[in-house]
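In what follows, a single structure is set out as structure tokens and then discussed.
Protein chains in written order, with my numbering: chain A, 42 to 278; chain B, 37 to 246.
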């Protein structure tokens, strides 16, 4: 499992971001280390502390580092001069909260360093798309193509962060490519392995999502999502 | 070594004088930073340089001295000046090596390596309204003065002159790096705090070598 390092000017900010992410992790969380503040209550960042945090969570699977702003980025890049681990370390350009959430959820699901880094980096794109998405429902019904499965979202909040992370985690061990479309906004299709992508659909309760799957484990992947959706992702009263 | 060479005592004196400038002008630096940044540059630099002088003791070599200075700054300043000034001093130490004095050429090479470290760390270019705008002209003036046969003391005085001009030239600039860049056009009309502390750095050097 990859290690996660969270670099922030503020210990409270870092701890809260980690806590938010851990709410979405069902199983074992990845190794997480926080490097926040510049000692003695000073707001800021400390490259030596960042290096120690990287070494603390390092394993051959690699380390993904998330930073808030300004000196956090400088301190993290400088920390790479002081680490003792041989593991690959990547500094993520993801926005802080989205990156920490995506990184921790994906690491817990067993994602590789490259996959987790790429997914976290796409967080801003997903947010942009979400804000520009037209809220108007599609006027015309589209034809269900062969092999597609339509599921209605029974839980009131639809595919928000927690259900999205459940889907991503379920896809973790399967050899299948599954796409998800909200039939209310059929112009956008995302991968079931993309936490930020699923969240960016904005698929609300009562919407119908369409799954299309391929690969050796396609049927198992679709079944896994069908079971979770049928249970309202554990959010039915 | 010759009488003109820069000794370890003079290098420690440089740091001591720089500490004095940033602590005496802590309020001024913070005031500059409150106009276009996050109002912590004075406090950060004072805390960092106080920590440095607590740690320095009696160094045996130039590289050991500047390694202590750089590592202390990166873990005590807190803001972006920590990694930037930290990188500056660490690179001077690496460039100088385990020696006990620096001639003019070695001093210039060390400062140049430090400057390149700052540029590479912060990705700032001339005109971005940063410490680079004071440090770049200062080192060009130092090189030119040494090249025309001056001793390190004279060259350091020329560097200080150029650093002041570079600092003053940041006033009309629009910031393109750091927290000040969020202000866009509104960052114009203020001196850059980093360029201002860098001018103190060269004032301290000039006085230590004089």
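Glycine included, C-beta positions come from ideal geometry on N, C-alpha and C.
Item	Value
Close beta carbons around residue 242 (chain B), own chain, < 6 angstroms, minus the five adjacent residues each side	192, 193 and 196
8 angstroms contact criterion, which residue 95 (chain B) and residue 108 (chain B) should meet: CB distance rounded	Not quite, the Cβ-Cβ distance comes to about 12 angstroms (not below 8 angstroms), so this is no contact.
Status (buried if at least 16 other CB within 10 Å, exposed otherwise) for residue 172 (chain A)	exposed
Cβ of residue 181 (chain A) within 9 angstroms of any chain B Cβ	Low per-residue confidence applies at residue 181 (chain A): pLDDT is 34, beneath 50, and the placement is therefore not dependable enough to give any value.
Residues that residue 107 (chain A) bridges to, as DSSP identifies them	A:47
Proximal residues of chain B, C-beta to C-beta of residue 84 (chain A) below 7 angstroms	114
Beta-bridge partners of residue 220 (chain A), as assigned by DSSP	A:232 and A:253
DSSP three-state assignment for residue 40 (chain B), whether helix, strand or coil	coil
6 angstroms Cβ shell around residue 251 (chain A) - same chain, five flanking residues per side excluded	189, 191, 222 and 224
Pick from B:85, B:78, B:98 and B:84 that is closest to residue 45 (chain B), judged by C-alpha positions	B:98
CA nearest to the CA of residue 200 (chain B), picked from B:186, B:227 and B:190	B:227
Sufficient close CB pairs (3 or more, under 8 angstroms) joining the stretch 63–71 of chain B to the stretch 250–264 of chain A	no
Proximity of residue 43 (chain A) and residue 103 (chain A) at Cβ, strictly below 9 angstroms	yes
Proximity of residue 164 (chain B) and residue 209 (chain B) at Cβ, strictly below 9 angstroms	yes
Local Cβ density within 10 Å of residue 143 (chain B), reported as buried at 16 or more and exposed below that	buried
Short CB-CB distance (under 9 angstroms) between residue 123 (chain B) and chain A	yes
CB of residue 153 (chain B) within 9 angstroms of CB of residue 123 (chain B), strictly	yes
Beta-carbon gap between residue 189 (chain B) and residue 40 (chain B) smaller than 9 angstroms	yes
Proximity below 9 angstroms, CB of residue 130 (chain A) to CB of residue 93 (chain A)	no
Listed by chain order, chain A residues near residue 119 (chain B) by CB distance under 7 angstroms	88, 112, 115, 116 and 119
9 angstroms Cβ cutoff met for residue 122 (chain A) and residue 143 (chain A)	no
Local conformation of residue 83 (chain A) per DSSP, three classes	coil
At least 3 beta-carbon pairs within less than 8 angstroms: the stretch 103–117 of chain A vs the stretch 74–94 of chain A	yes
Pick from B:90, B:82, B:50 and B:213 that is closest to residue 65 (chain B), judged by C-alpha positions	B:82
Start-end ranges of the alpha helix (DSSP H) lying completely within the stretch 109–144 of chain A, minimum 4 residues	112–120
Listed by chain order, chain B residues near residue 80 (chain A) by CB distance under 9 angstroms	111, 112 and 114
Beta-carbon proximity of residue 91 (chain A) to residue 57 (chain A), cut-off 9 angstroms	no
Supposed close pair residue 89 (chain A), residue 124 (chain A) - CB separation, criterion 8 angstroms	Not a contact, Cβ separation roughly 10 angstroms.
Backbone secondary structure at residue 51 (chain B) - three-state DSSP	helix
Rounded separation between residue 132 (chain A) and residue 97 (chain A) - CA only	16 angstroms
Beta-carbon proximity check, residue 100 (chain B) vs residue 130 (chain B), cutoff 9 angstroms	no
Identity of the residues DSSP links to residue 75 (chain A) by a beta bridge	A:47
Residues near residue 229 (chain B) by beta carbon distance below 7 angstroms, same chain, minus five either side	65, 68, 69, 73 and 77
Range covered by the beta strand (DSSP E) that runs through residue 193 (chain A)	190–193
Backbone secondary structure at residue 206 (chain A) - three-state DSSP	helix
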